[in-house]
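J.: Encoded as structure tokens, here's the structure I'll be asking about.
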Amino acid sequence: MTVPLATLPSPFIPNSRRTPHFRSSSGSMEQRRLSHLSLSFSCLHIHMHLLVVVLALISISGSADAYKNYTVGDSLGWYDSTEKPNLNYQKWADSKNFSLGDFLIFNTNNNHSVVQTYNLTTYELCDYDNALENDTIEWSTTDPSNTATFGVTVDVPLLKEGITYFFSGDYDGDQCKSGMHFNINVTHGKGLPESLKSPSEQAPAPNSPDVTGDDSAPDTIVPANFDHPQDVSDDDDAEDSGSISVYLNLLDRKLNGVLLLFGVVCMFR
């Protein structure tokens, strides 16, 4: 008996569409494998980007919190225009950002002085002889000499917010008038470190001008434990290191949480 071809079940029909089934399944598996591989690389790429961002944030936060020492005039030092004609101290100052607790380092010699004042009139006159004790300080302690000169380094802490003026007061203000002057704006920043805050026993700054009839305490008093600018952070090491440690631990926890979340997403996609 001959059975018509049309009545045969589909598996027996030649060239049936079901015969290439295994080839199609193999292609689908290959596509899934490639898809998972691509997803794994994407997750790794995301993790690397997160790591770079976190490291950058740590670097920025560390540098932003540090107190700074600024060498006035950079390598050229603190001299008048007859010795260093190319110096422009105001231009130098305008390129910097100053905050409480920072230091200005004046590298000069005994023929140049360092006067700090908050009085605009004193600054414009280049003369501190009639200045008040609570707004002007002469930081240098050496006498000028045309025959015996020697190097001097003067370290000046920035203790007060706002506009501060600096100039050399030697030789009746001639050095100031010939370019040895500049002003800066001091911002709050991190505030004063403990080592620069006025203790109960206060010592006056060196060589402050004598003024009679004014017994008020100067705003620019320097603490008795004042030393070199490199010691600014000594009293705050434990506090700062503790704060940084807490910050880094918190940052590490957040980073681990984010990475774990991305890991879970990558596993189930």
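To convert, note that position 64 of the sequence shown is 64 in UniProt numbering; the numbers rise steadily by one, no gaps.
Where is the CB? At the ideal position from N, CA and C, for every residue including glycine.
Between which two residues does the alpha helix (DSSP H) carrying residue 120 extend?
T.: That run of the alpha helix (DSSP H) goes 120–125.
J.: Spell out a yes or no on whether the stretch 72–88 and the stretch 130–150 are touching, meaning 3 or more CB-CB pairs, one atom from each, closer than 8 Å.
T.: No, the stretch 72–88 does not touch the stretch 130–150.
J.: Take the Cβ of residue 166 as the centre, count every other Cβ of all protein chains shown within 10 Å, and call the residue buried at 16 or more, exposed below.
T.: Answer is buried; the Cβ neighbour count reaches 16.
J.: Of the residues 144, 94, 181, 164, which one's Cα is nearest the Cα of residue 117?
T.: Among 144, 94, 181, 164, the Cα nearest to that of residue 117 belongs to 164.
J.: What is the residue span of the alpha helix (DSSP H) that residue 89 lies within?
T.: From DSSP, the alpha helix (DSSP H) with residue 89 extends over 89–94.
J.: Counting beta carbon pairs with one atom in the stretch 180–197 and one in the stretch 91–111, are three or more of them shorter than 8 Å?
T.: The stretch 91–111 vs the stretch 180–197: in contact.
J.: Just the Cα atoms here: how many angstroms apart are residue 151 and residue 121?
T.: The straight-line gap from Cα to Cα measures roughly 30 Å.
J.: Please classify residue 111: is it buried, with 16 or more other beta-carbons within 10 angstroms of its beta-carbon, or exposed?
T.: Classification for residue 111: buried.
J.: My output table needs one value for residue 155: the three-state DSSP class, helix, strand or coil.
T.: Three-state result, residue 155: strand.
J.: Given a threshold of 16 other Cβ atoms within 10 Å of its Cβ, counted over all protein chains shown, does residue 180 qualify as buried or as exposed?
T.: Result: buried.
J.: Closest by CA to residue 187, which one among 161, 175, 197, 171?
T.: Checked all of 161, 175, 197, 171; the closest Cα to residue 187 is 161.
J.: Do you know offhand how far residue 79's Cα is from residue 172's?
T.: Approximately 15 Å between the Cα atoms of the pair.
J.: Can you tell me the Cα-Cα spacing of residue 69 and residue 147, whole angstroms?
T.: The straight-line gap from Cα to Cα measures roughly 32 Å.
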